[in-house]
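The numbering used here applies: residue 47 is where the sequence shown begins, and numbers increase by one. Glycine is no exception: its CB is placed at the ideal position from the N, C-alpha and C atoms.
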Amino acid sequence: PDLTIQGIVLTMYDGRNNLANQVVQDVRTHMGDKVYETIIPRNVRVSEAPSYGKPAILYDLKCSGSQAYLQLASEVIRRERKLRAA
């Protein structure tokens, strides 16, 4: 198939964890601009959402995880528009 990877999303990030910070740095170093700027944090509310049969943004729109997913969506759209305009 003709598949193209448009970007890499870093998820389940916990900034208190040294390993998580090292992974972010390593992925950004090796993958460059393929990595989206938005990082999805580890978030209890996002983890709970499937148990209630809801997407995270409907379960708790204001939690940091939902806000990060909305930010990622905007970033993906901006990147796609830029690619199509080129």
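Item	Value
Assigned secondary structure, I85 (DSSP; H/G/I helix, E/B strand, else coil)	strand
Inter-residue spacing [alpha-carbon to alpha-carbon] between Q52 and V81	9 Å
For I123, three-class secondary structure by DSSP	helix
Sub-9 Å separation of I72 and R91 beta-carbons	Residue 72 is actually Asp in this sequence, not Ile. Taking 9 Å as the Cβ cut-off, D72 and R91 do not qualify as a contacting pair.
Buried versus exposed call for I86 [16 or more other C-beta atoms within 10 Å across all chains shown]	buried
Whether L56 touches V70 by CB criterion (9 Å)	yes
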